[in-house]
Each structure stands twice: as structure tokens, then as C-alpha cells.
Amino acid sequence: MDKKGLIFNIMRYSISDGPGIRTTVFLKGCPLSCLWCHNPEGQSPRKELIIRRDRCIQCGACLVCCPAPGSPDSCRLCGKCAEVCCTGARELLGRELTVPEAMAEIEKDIIFYDESGGGVTFSGGEPLLQAEFLLALLGACREQGIHTAVDTTGFAPFSVLEAAAPLTDAFLYDLKLMDNGQHLEDTGVPNSGILSNLSRLARGHQNITVRVPIIPGITDTDGNLEAMAAFLKPIPIQQVEILPYHNTALAKYQHLGRTYPLADLASPSQEKMKEAATALAASGHKVIIGGVPNE
Amino acid sequence: MNERVAKLREQSLETVPSISPERALLLTEFYRQCPPDTCSIPVHRALALKYLLEHKAICINPGELIVGERGPAPKATPTYPELCCHSLEDLDILNAREKIPFRVSPEVREIFAREIIPCWQGRNLREQIFAAMTPEWKDCYAGGIFTEFMEQRAPGHTVVDDKIYRKGFLDFQEEIAASRAALDWHNDPRAWDKGEELRAMEICCQAIIAYARRHAERARELAQTETDPRRREELKQIAEVSEHVPAHAPRTFWEALQAYWFVHLGVITELNTWDSFNPGHLDQHLWPFYQRDLAQGTLDREGAKELLQCFWVKFNNQPAPPKVGVTAAESGTYTDFANINNGGLKADGSDAVNEVTYLVLDVIDEMRLLQPSSNIQLSKKNPDRFLRRACRIIRQGWGQPSIFNADAVVAELLRQGKSLEDARAGGTSGCVETGAFGKEAYILTGYFNLPKVLEITLNNGIDPQSGKKIGLETGEAADFLDFDQLLGGYEKQLKHFIEIKIRGNHVIERLYAHRMPAPFLSIIIDDCIAKGRDYNAGGARYNTSYIQGVGLGSITDALAAIKHLVFEQNQISMSELLTGLAANFQDNERLRQLLLNKSPKYGNDDDYADSIMTQVFNIFHRTVDGRPNTKGGTYRINMLPTTCHVYFGSKTGATADGRKAKNPFSEGISPVQGVDRLGPTAVLRSAAKLDHLKTGGTLLNQKFSPAILAGETGLEKLMALVRAYFRLDGHHIQFNVVDRATLLAARDNPEAHRDLIVRVAGYSDYFCDLSRELQDEIIARTEHRIVGGAKTTPLQ
Numbered sequence: 104m105d106k107k108g109l110i111f112n113i114m115r116y117s118i119s120d121g122p123g124i125r126t127t128v129f130l131k132g133c134p135l136s137c138l139w140c141h142n143p144e145g146q147s148p149r150k151e152l153i154i155r156r157d158r159c160i161q162c163g164a165c166l167v168c169c170p171a172p173g174s175p176d177s178c179r180l181c182g183k184c185a186e187v188c189c190t191g192a193r194e195l196l197g198r199e200l201t202v203p204e205a206m207a208e209i210e211k212d213i214i215f216y217d218e219s220g221g222g223v224t225f226s227g228g229e230p231l232l233q234a235e236f237l238l239a240l241l242g243a244c245r246e247q248g249i250h251t252a253v254d255t256t257g258f259a260p261f262s263v264l265e266a267a268a269p270l271t272d273a274f275l276y277d278l279k280l281m282d283n284g285q286h287l288e289d290t291g292v293p294n295s296g297i298l299s300n301l302s303r304l305a306r307g308h309q310n311i312t313v314r315v316p317i318i319p320g321i322t323d324t325d326g327n328l329e330a331m332a333a334f335l336k337p338i339p340i341q342q343v344e345i346l347p348y349h350n351t352a353l354a355k356y357q358h359l360g361r362t363y364p365l366a367d368l369a370s371p372s373q374e375k376m377k378e379a380a381t382a383l384a385a386s387g388h389k390v391i392i393g394g395v396p397n398e
Numbered sequence: 041m042n043e044r045v046a047k048l049r050e051q052s053l054e055t056v057p058s059i060s061p062e063r064a065l066l067l068t069e070f071y072r073q074c075p076p077d078t079c080s081i082p083v084h085r086a087l088a089l090k091y092l093l094e095h096k097a098i099c100i101n102p103g104e105l106i107v108g109e110r111g112p113a114p115k116a117t118p119t120y121p122e123l124c125c126h127s128l129e130d131l132d133i134l135n136a137r138e139k140i141p142f143r144v145s146p147e148v149r150e151i152f153a154r155e156i157i158p159c160w161q162g163r164n165l166r167e168q169i170f171a172a173m174t175p176e177w178k179d180c181y182a183g184g185i186f187t188e189f190m191e192q193r194a195p196g197h198t199v200v201d202d203k204i205y206r207k208g209f210l211d212f213q214e215e216i217a218a219s220r221a222a223l224d225w226h227n228d229p230r231a232w233d234k235g236e237e238l239r240a241m242e243i244c245c246q247a248i249i250a251y252a253r254r255h256a257e258r259a260r261e262l263a264q265t266e267t268d269p270r271r272r273e274e275l276k277q278i279a280e281v282s283e284h285v286p287a288h289a290p291r292t293f294w295e296a297l298q299a300y301w302f303v304h305l306g307v308i309t310e311l312n313t314w315d316s317f318n319p320g321h322l323d324q325h326l327w328p329f330y331q332r333d334l335a336q337g338t339l340d341r342e343g344a345k346e347l348l349q350c351f352w353v354k355f356n357n358q359p360a361p362p363k364v365g366v367t368a369a370e371s372g373t374y375t376d377f378a379n380i381n382n383g384g385l386k387a388d389g390s391d392a393v394n395e396v397t398y399l400v401l402d403v404i405d406e407m408r409l410l411q412p413s414s415n416i417q418l419s420k421k422n423p424d425r426f427l428r429r430a431c432r433i434i435r436q437g438w439g440q441p442s443i444f445n446a447d448a449v450v451a452e453l454l455r456q457g458k459s460l461e462d463a464r465a466g467g468t469s470g471c472v473e474t475g476a477f478g479k480e481a482y483i484l485t486g487y488f489n490l491p492k493v494l495e496i497t498l499n500n501g502i503d504p505q506s507g508k509k510i511g512l513e514t515g516e517a518a519d520f521l522d523f524d525q526l527l528g529g530y531e532k533q534l535k536h537f538i539e540i541k542i543r544g545n546h547v548i549e550r551l552y553a554h555r556m557p558a559p560f561l562s563i564i565i566d567d568c569i570a571k572g573r574d575y576n577a578g579g580a581r582y583n584t585s586y587i588q589g590v591g592l593g594s595i596t597d598a599l600a601a602i603k604h605l606v607f608e609q610n611q612i613s614m615s616e617l618l619t620g621l622a623a624n625f626q627d628n629e630r631l632r633q634l635l636l637n638k639s640p641k642y643g644n645d646d647d648y649a650d651s652i653m654t655q656v657f658n659i660f661h662r663t664v665d666g667r668p669n670t671k672g673g674t675y676r677i678n679m680l681p682t683t684c685h686v687y688f689g690s691k692t693g694a695t696a697d698g699r700k701a702k703n704p705f706s707e708g709i710s711p712v713q714g715v716d717r718l719g720p721t722a723v724l725r726s727a728a729k730l731d732h733l734k735t736g737g738t739l740l741n742q743k744f745s746p747a748i749l750a751g752e753t754g755l756e757k758l759m760a761l762v763r764a765y766f767r768l769d770g771h772h773i774q775f776n777v778v779d780r781a782t783l784l785a786a787r788d789n790p791e792a793h794r795d796l797i798v799r800v801a802g803y804s805d806y807f808c809d810l811s812r813e814l815q816d817e818i819i820a821r822t823e824h825r826i827v828g829g830a831k832t833t834p835l836q
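Pasting the structure below:
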């Protein structure tokens, strides 16, 4: 139980990732690097320093305390500058938590899960990447009677999914692109394992929601949606949920000192979302338009 | 709503509040004709009310079904010169001030100058009260340590129960006569006092019956000249109703509403009871009449709704009488705080929700009026259908109804020593105040500035705003060795100021008991008749005096910052902190940023900060709770601010939570604006760490963006939040559902947003009627919103 996990956010009153009022635990590290990724701070499996330049009042405290001054490359991620930063402009992202520590956070809102039929969602990043930690958390939640959901890219050895399945009440399983080449290009990994994992998982698990991000011009093409519907047809999933692209991650890329390739892409219209839903309904599954309108 | 109601509503909304000299003039006439030394004071006050009700103009507005106004016309607002004699300067301010003005015509101003002011200046209770206060009290009052509710308004905080629907004033008269007949003149040394008080009540019974019958007479006159046959019938019906009630117990739904309204007018004509007198559990009271009328075929649901809507308009026609000075600052609103209870429990402990409950909710939804304010009393026994209906209205964003935990309210009243039946028949009124309806005088005596006491503690008893030493010497802050010493000093200072406040309260309570009895109100509050004792002198079955704590979030965060950054982390020295606060952080923005960002904050479910909150709460509680008042009752605390968090902020320098001088404090038990960053569940958990059951009410505001509550699932989650908070014994929660952009637009372009209503603190108000400081305070409150939809961290 002293296994530690690296978590980059614990979001309470999470209401878009599974039923009821939930706490979503974001595990750091992801094998994918999707063009449209809206949690770029979840990609690296290590801690990261983020800098909100607009908050800096140039007090100079960070410069004084830095043990490895120089270029950003010399940063040892010790976090001292974030500690002394009075405005919170600097923040060392990523907390190492033990299972009991993470559970203490999760259990805080049990009364709200009880009232709303909610629970905890493990997301990321890719939560299956920290398999041992995730399995321990899922086991601990089961013991506490807390409903669990795992929000996954599906890119993991099937053995990990198989081990998680009996401890997971609901899977939120992403499908993005059906063309392997394009998948590799836009997400950094091939899709073959993701697709086969879904087929195999669905044989043994009753509650899988397939989630499809609708990225204009990328995932919402007729060809992609048709192929996806055909692929999903024989698979016994609960439902398909489509999620509209949004560009709220722009600030995060800036804080990380990275450029956001899709910064100028507009969110799909409600009409486009409905078209995508219709296309995917050819799979024979219920399709819902998820997420909540971006504010 | 139908055309009639739409018209009445529109008229009510469009009428500009004005000052009416009618009551003041009649009272002056009466006092001239019948000087106070011609009879006992209670009898004199009763005769004064009788004179007012005999001579005030009878107003029956076109189209209305429920009749009677406080003044000669809607929103023509009387003054109470025996309590507070407005000077010409006051009138000019009232007429000219940008927010909450009252029109004062040159003629009215002249009447005040010629007739009213010469008679009452030097002879009103307000001046007597200030003259009777100690210099210490005056320093604290001027310094913004506390406010005083009774300095220009009478102690009226109570709510009537079901007795006025079971009995008429002829019945009360018999009870009074019986109580008089039972006086033991041989053994009871107070027999004369009781006899005079009872005689006064008897006069008031006759006065209210005669007043109602004047309406009957007027309605008959109007009927004679009315050309529209339908209206003619209505006027005849009004005449019949007003002939019957409140002399007798009401027989119909219509009579029940009209009976209440005459009682309401009696209470608010007798004295300016400043707030919150209301029918309480209206749905429960009306339910038998509704059932009977429907069964007899004399009323249908639409007809009942129309009558209720006409009733609603009557409340909206009565702005709170004009406030001046500190009272205007602590309660800057037209709202008079009548707050109608829906649902909850019956006295036998069963679920009280009935079809009238849903009817009333429909009325609230359609009327969208500031007055009356409305709430639901939610018990674990009430069905989800009830909560869902209320949440659908709440989600529309205008701040009504607010939601109370009926089970917690019962527990609070039981802890205070009420019987189980009296507790269940109780509810909440005003903003969030718990009371045993029909049986309790639960008087708010003033707000208390919790953060200001820390400012004085850190300055060894001196108020740095005035330079005066108004506190105790509890030691130089730099000499405190640890946090406990600081907190110990804080507790000593707090006790010092509470005792100054209570000493003043004792005097003011006795002044009201002696000089300003309320025999009319005493008729309808148990056990004034049985005891032969006035409401203002301890006649009620229960007599509670409250002091209301303000700025709990601000004081918590300030103390947390000192504990964490000064005493534990040693990141800031006490002297650097004191220098920084004294200079309002000028030239030391880094200090302010550290205080803002590097210290635990209440409202994030963080035990470090939240345990300091409970420590402060417990200090305040143990200093006040259980002390005796002058009426045989007890002091209690509650936590609400109305608009006083803005006023108290304006009287306090920079604070150690990083707040700059003069800025508003946190309101109610809500976190400091913008520092709660972990969503609503964390706020609710933090707030539930204080023991709500030890209070007589706490006030929690939450602000949501409309999108986060959208759809059926958004509604379900809102309901779950409320139910969970109440399982944690939370007393009350209310919501603003409005986004930041709308508020900013309304602030900058008020003309286009005249109808925007927001929740302030325990009441709703037009956003454009709020002071700029209060507008900005509401804008700064954390808005729970969706940052990126599904799968997205809220990292900003």
C-alpha cells in the first residue's frame, strides 16, 4: 500500500465524466499525444513546472532560491521556486500520493456520491499507465463501496484492462480515429491495440461508454464516423458519447511553454454534433451528446 | 398570470416609493389631543393605533381582491416619528440618494418642517436610546464594532402561527377578558400592569375590527358607482369578506388571506417592526380552506392562484420604511423581509407538503417579485418532487426561493429549549432566522464585526482607524509567542465588546418594554394574553435576543495566514505584517500576495483553515450563547450580514487575509470572495464543520453559472448538493445562477438590466439597486462553472 502515484489534479464536483456528482482523479502520464489534447499537463509522466507569466509581479524570489540557475534545461524540478512564488505564478504540477492519501481525498465527498449516485472517475493522462497504483485505488474504492469509472484511451496491455475490469463499475473508453495511419499521425500511437482491447473488454464488462471527441476536420469526417459505427456495431457497449472539441486548453499550453497546434480551431456547432450523433447511431447503439457546453 | 394580476403587478413594480406624512401627522394629532400622561402607556399606545386605524385613508386599488395598504396608496411609506424623527436633512438625503431613494415632495417636506419635526424632535426613542448609551458603546458603534437594530426600528422579529385562521379578534377579545377577570388583585403585585396591558389589547382588537369594516364600507360605496358588473360583484365580495374578518375566524380561502393581511397591517402600523413579520407556513394554514372551497365548488385552482397573486402584490406594495445612517448601511434595501415558508413539517412531525405548497411555488415562479421573499423548508421527510419544483425556480437565477433544512431548524429550536410541537410549528424568517412561530420574540439586536476585533487585538486595544483605544490591552502583537496567545487575546477582546453591546441591549430592551409596548402584536403571540404582558416586555412564550456574527470567512483566513505564515513557517515576521497592514500593503505587494496565495483558506474543505473557523465560531458562541436578556429569555447567535459585510468592511483596515482596507468582508458563512477553488462540495463540507445546530441561523450563498445547472442532470445534481448539505446539518443555502458577464454588463449598463434580480445575503434585490461596493462583492464571489466540459482539468 505504500505504492505512490503521480496525480496532477483532483477535481471535485466533476459532473461530466460519469453518473452523479463525482471526484475525478487525474493521473499523470499518457502514451498518446493527441493534437487536440486538452490536458497537456497530463502527458508527461514526470512533474512539470508551469509558469503563469500574467501573475508574476517580478519580486525575484524564484531567482534567489534556484539551485540550478541558467536555462530552463538545467531545471531539476525541485519545486523551490514554486514554493516561494507569492502569486502562485509558478506551480510544480504533479503530486505523489499514496493510496491512503488519495483515498482520503476521494472519501471527502462520499456523502455527495451517496445522494447523487456518483463516485470517483480515474482519468488522466492515461490512468492505466500507473497500473499498480490504479488497481490499488480501485480495490480500495470497492472496499468503501464507492462507484468507480475509468476514463481511458485504451492504449495499454490488455492484461491491465483485464485486471481493472472487475474493480471498475464503468469504463469511459475513447475512440478517436479508425484509420491507423492517421491515428498514428495525430495521436502518436497506432490504434490496433485500442480497437482489439475494446472488443475483448466488452466481452466481459457490461458498462462501457465509448467516447468520441468530435474534432472538426479530424475525427468528424464521414469516413471516420462511418467506419467507427461499423466497428462498434457488433460490440456490446452501453452507449456512445460524443464530446465537442473546445480550446480552453490554450492557457495551459502557454503555461507549459508549449504551442497548441489547434489553438485557432473553433468548436463544432450543435448541428455538427447532431450530424455526428446520427452517423454513429448507425452502430445501433444509443448516442448521446456529452460534455457540457463550454463556457 | 391573468390580466388582472399582470396589471396589479406592473403597477406595483412601476410605483416609485415615496414618503407619506399621513401616519406621522395622525400620530401627532393624537398625541396633541391625548397626551401620554392621560393614561397608562400601553393603553395610550393602543389608543394611538386606534386613532390611526380610524383616520387613515382607506385604499382599495382598482382590480385588487385583497385590500389594505400601510400608507394611503401603494408604496406611500409612513414614518414612525415616535421611534425615529427624520430631520429635513434626512428627508433630503432620502429624496436625493441614488440607491433606495424615497421621493419627498416639497409639500411633504413642508409638513415635516411645520408639523412633525417640531413635535417629535427631542421626544423620540432614537434620541433617548443614544442618550442612554455609554461612551464606550458610542465609540464601538462609531468604530463599526457592532450595529444596533433598535435605534430607529422596533423589535418586531416574529411570525404568526395558525391561530388567526382558527379565531377571530372577537375570540381574542374574550380570551383577553378572561385573562383580565382572572387577575389576582390581592396577591399579584403586577395586577395593575397586567390589567392595563390587557385593556390595551382589547382596544387593539376593536381597532382592527373597525379598520376592516371601514374597508367593507368603502367597498360598498365603490360598488354603488361601479359600472362593470363583474367588478361590482367583486367589491361586494370584498365588503363581505372585510365585514367578517378579522372579527371572526375566516371561512374561506379568500377570507383567510384577507384576515392575515389585516393582521399584517395592524402589526406594521402599530410600530415599525423593521422586518420579517409574515404568515409563516402559509401553505399549511391555507390547506384546509383550499380543500373545503374546492370540495364545495366555490373555488378552483386558478381562482386560488389569482387570490394568492393579489396577496403577493400587497407585500410588494410595502417597501421597508426609510432607513438612515448606519441602519441604512447595514440594511440597504427596500425589502422588508417577509419570508414565506413552504413545506417542511407539521406540528405532529409528518410531511407538510400539500397541493397548496405547489400552488405557492407556481405563484413565486410567475410573480418574480422581491416581496414577499420566499423559501422552502426541506425535511428529509419531504418528497423529491417538492425539491425539484423549487430547484426549477431557483435555476432561473433570481434567488428565490431559498432553501432551509427543516430538520435542523427543529433541532436548533429544541436545543434552545422549545417544546417539540412548538419547534416543528416554527420555521425561518427575515433572512435565515429560526423562530417558534406565534410563540417567540426572536430579536436581532445587531451585527458584530468579527474581523474588526482582530484588528484591535493586533493593535493592543487601539482602533487604528480612529486612533482611539476602545479595546483592552491584551499585549503587543509582536510579543505573542504563538497562535494560541493571539487567539486568547482575541477572545478577551471579543468578550469585552460583546459585553459593551449587551449592556446597551439591556437598556434598549427596557426602554422598549417601558415606553413602546406593542399591544396589537401581543394579541397574536402566545402567551402575552395569558401572562398579561407585552411582547416587548417578555410576554412571548420564548424570548430570544440575537447577536449576528459577520465576516466569518474573512476572520478565518486572516487568522489562518497569521498562524501559518507568521507563527509556523516564519515566512513573515509579525512586525512586517503589522507594518504592511497599517500601510494597506503599499510598497509591499509581495506580502499581500503571500497572504492571498500561500495560506490555507476557508471554503476548500481544508481542515487547517476550517478548524480555525470553528475555533472563532466557538469563541463567539460561548461568549454570547446562554446569557440572560431582560425578558426572561436568552442570548443566542446567528451568522448573517444583510448588507453589513460591506459596511463593516468600510470601517476596517487591511486584514491579514490579503484584503485591502475598506473592502467588503465575506458574507454569511460563505468563504471570502474568490478563494474557494475546489467547487461547491468543498465549500459545503467546510461550511458544515461549524455546528449549525448551536445557532439560530446561518447563511450560505453559492453562485453557479447557468450552464452548470442545465438539463435534468444539472437539476438532479443541484438537488443532491442540497440534500447532502442538509445531511451534514447545514441550516440554509441559496443560489445565484448568473454568469459573470451578465453581472459586469449590468454594472456597467444598468439601464439595460433594470430587471436583473440577484441574491444578496438572505434576500433578493435588483442588482441595479445595490451599491457599487455590493455589486463588486457579488461579482467577486466564486462562480462554480464548467471550465472545459468532460475530461478536462480545471487548471487555469
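Quick note, the sequences are listed as chains A and B, same order. Okay, so the first sequence: first residue is 104 according to my numbering, each after it adds one. Okay, so the second sequence: first residue is 41 according to my numbering, each after it adds one. Glycine is no exception: its CB is placed at the ideal position from the N, C-alpha and C atoms. All figures in this text were calculated on a predicted structure; none of them were measured in a lab.
What's the C-alpha gap between N397/A and G754/B?
Note that N397/A scores 40 on pLDDT, short of 50, meaning its location in the model is unreliable; the coordinates nonetheless yield the value given after this. Answer to the nearest angstrom: the Cα atoms are 15 angstroms apart.
Using CA atoms only, rank isn't needed, just tell me which of A279/B, R667/B, K831/B and N776/B is closest to S442/B.
Nearest option by C-alpha distance: N776/B.
Using 9 angstroms as the threshold, is the C-beta distance between A88/B and E242/B below it?
No, the Cβ-Cβ distance between A88/B and E242/B is not below 9 angstroms.
Here's the rule I'm using: 16 or more other beta-carbon atoms within 10 Å means buried, otherwise exposed. How should A369/A be labelled?
Classification for A369/A: exposed.
Quick check on A760/B - is its C-beta less than 9 angstroms from some C-beta in chain A?
Yes - at least one Cβ of chain A is within 9 angstroms of the one on A760/B.
Quick one: residues in its chain with C-beta nearer than 6 angstroms to the C-beta of K603/B, no 5 flanking neighbours on either side, listed in chain order?
Same-chain partners within the cutoff: F523.
How about the stretch 587 to 601 of chain B and the stretch 691 to 699 of chain B: do they share at least three Cβ pairs that are nearer than 8 angstroms?
Cβ pair count under 8 angstroms is three or more, so yes.
Going by DSSP in three states, M737/B sits in which element: helix, strand or coil?
Here the sequence assigns Gly to residue 737/B, which means Met is not the residue at that position. It is coil, neither helix nor strand.
Please check if any C-beta of chain A sits within less than 9 angstroms of the C-beta of L768/B.
Cβ-Cβ to chain A under 9 angstroms: yes for L768/B.
Using a Cβ distance threshold of 8 angstroms, determine whether the stretch 637 to 652 of chain B contacts the stretch 721 to 731 of chain B, with at least three qualifying pairs required.
Short answer: they touch.
Just verifying my parser: in three-state terms, what is the DSSP assignment at H255/B?
It is helical.
Check this for me: beta carbons of G123/A and E176/B, under 9 angstroms apart or not?
No. Outside cutoff.
CA-CA distance, L109/A and C181/A?
Going from the Cα of L109/A to the Cα of C181/A covers about 15 angstroms.
With distance defined between alpha-carbon atoms, name the residue in D462/B, G384/B and D323/B nearest to V400/B.
Ranking the options by Cα distance to V400/B, first place goes to D323/B.
Just how far apart, CA to CA, sit G197/A and C133/A?
Their Cα atoms are separated by approximately 13 angstroms.
For the stretch 476 to 505 of chain B, which segments carrying the beta strand (DSSP E) assignment without a break, of at least 3 residues, lie completely within its bounds, in sequence order?
With a minimum length of 3 residues, the continuous beta strand (DSSP E) runs that stay inside the stretch 476 to 505 of chain B are 480 to 489.
Could you check whether the Cβ of A333/A sits closer than 9 angstroms to any Cβ belonging to chain B?
It does not; no Cβ of chain B falls within 9 angstroms.
If we define contact as Cβ-Cβ less than 9 angstroms, is M114/A a contact residue for chain B?
Cβ-Cβ to chain B under 9 angstroms: yes for M114/A.
Within 10 angstroms of the Cβ of T78/B, are there 16 or more other Cβ atoms? Answer buried if so, exposed if not.
Burial call: exposed.
Of the residues L240/A, H286/A and D272/A, which one's Cα is nearest the Cα of E204/A?
Among L240/A, H286/A and D272/A, the Cα nearest to that of E204/A is on L240/A.
Are three or more beta carbon pairs between the stretch 132 to 146 of chain A and the stretch 261 to 275 of chain A nearer than 8 angstroms?
Because the criterion of three Cβ pairs below 8 angstroms is not met, the stretch 132 to 146 of chain A and the stretch 261 to 275 of chain A do not touch.
Three Cβ pairs or more, each shorter than 8 angstroms: is that satisfied between the stretch 728 to 738 of chain B and the stretch 758 to 777 of chain B?
With the cut-off at 8 angstroms, the stretch 728 to 738 of chain B and the stretch 758 to 777 of chain B touch.
Give me the residue from P146/B, N312/B and W294/B with the minimum Cα distance to W327/B.
Measuring from the Cα of W327/B, the nearest candidate turns out to be W294/B.
Quick one: list the residues of chain B neighbouring E218/A, beta-carbon separation under 7 angstroms, in chain order.
In chain order: A760, R763 and A764.
For chain A, check one thing: does any of its Cβ atoms lie closer than 9 angstroms to the Cβ of Q633/B?
By this cut-off, Q633/B is an interface position.
Would you say T832/B lies against chain A (beta-carbon separation less than 9 angstroms)?
Closer than 9 angstroms to some Cβ of chain A, the Cβ of T832/B qualifies, so yes.
Are there 16 or more other CB atoms within 10 angstroms of the CB of W438/B, so buried, or fewer, so exposed?
The residue in question, W438/B, is buried, as its Cβ has 16 or more Cβ neighbours within 10 Å.
Please list, in chain order, the chain A residues whose beta carbon lies closer than 7 angstroms to that of P720/B.
Those are Y116, listed as they occur along chain A.
If you count every other CB in all the chains shown that lies within 10 Å of the CB of W314/B, and 16 or more means buried, which is it?
Buried, since its Cβ has 16 or more Cβ neighbours within 10 Å.
Let me see if you follow: with CB-CB separation under 9 angstroms, is C168/A close to chain B or not?
By this cut-off, C168/A is not an interface position.
Listing by chain order, which chain A residues have their CB less than 7 angstroms from the CB of D645/B?
In chain order: K211.
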